[in-house]
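Visitor:
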Amino acid sequence: MDIQYVYTKKRNQLGRPTNFTDRSAETLADIIPNLNLLQEFIYRDPVEIGTQNTIQLSEHEVNSIRCSTESKGINHTEGGWPKDVNIQEQDQINRFRKKIEKDEFYLNSLYRLIRDLEMDIKQNNAIDIHQTYFQKKFDDYDEPFTVKTTNLYSYNSNINQMANHISWQPDGQRKI
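Taken in order, the sequence shown gives residues 394 to 569; the numbers are from the numbering used here.
Below is the structure:
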């Protein structure tokens, strides 16, 4: 698919050259002020406001390589047993557990987990969860709380969804 198309014309197909000339001013419309609207006018000085009266248009085109995808799921009712182990036979389950418990990787993983668990237990034992550490309540604040909305983003969808992540562009640019 070609992304660009080049138009070629001969010089004689472009037409005559333009010739601009000066002319006197001409009144195209004369609008008389409405005195009823003048009473509703409020004079403000200084006034600085930006307005834009254009239709918002956007166009996006992407050429990407198509690839086929597939979704698969597994429902485990008890563990993630291999195919050769029947979970209905307790004897097969016990043999598989003994084989895994002798594996070096399993022992190292278990050692790391127990070490982290022991550290967490020691931290929990060092703190008395029933003791009140902070008696004073901070109800009086010097300044009232205020909230200011700086930006409002709308998502046109029939499904009521909450925004859970907004990603800003790097390098301090003001684009989302």
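From the three backbone atoms N, C-alpha and C, an ideal C-beta is built for every residue, glycine too.
Computed from a predicted model, the values in this text were never measured in an experiment.
Helix, strand or coil for A422 per DSSP?
Guide: As a working mapping, residue 422 is identified with position 29 in the sequence shown. Coil.
Visitor: Just to confirm the assignment, what range does the alpha helix (DSSP H) spanning R488 have?
Guide: On the sequence shown, residue 488 is found 95 positions in, with the first residue counted as 1. Segment Q483 to E494, the alpha helix (DSSP H) holding R488.
Visitor: Per DSSP, what kind of secondary structure is N429 in: helix, strand or coil?
Guide: Numbered from its first residue, the sequence shown carries residue 429 at position 36. Correct three-state label for N429: helix.
Visitor: Using a beta-carbon distance below 7 Å, is E497 in contact with chain B?
Guide: The structure shown contains no chain B, having only a single protein chain.
Visitor: Contact check, I480 vs I486 under 8 Å by CB: the rounded distance?
Guide: The residue labelled residue 480 in the question sits at position 87 within the sequence shown. The residue labelled residue 486 in the question sits at position 93 within the sequence shown. At roughly 7 Å, the Cβ-Cβ gap stays under 8 Å, so I480 and I486 are in contact.
Visitor: In terms of residues, what are the limits of the alpha helix (DSSP H) holding D513?
Guide: Here the question's residue 513 lines up with position 120 in the sequence shown. Looking at the DSSP string, the run of the alpha helix (DSSP H) that includes D513 is E497 to A519.
Visitor: Assign N479 to one of three DSSP states: helix, strand, or coil.
Guide: Taking the first residue of the sequence shown as position 1, residue 479 is located at position 86. Note: N479 maps to coil in three-state DSSP.
Visitor: Smallest Cα separation from R490: which of Y504, G473, R505 and L506?
Guide: Position 97 of the sequence shown, counted from the first residue, corresponds to residue 490. If we check each option's Cα against that of R490, G473 comes out closest.
Visitor: Can you list, in chain order, the stretches of the alpha helix (DSSP H) that have 4 or more residues and sit fully within the segment 428-468?
Guide: List check, alpha helix (DSSP H) in window: 428-432.
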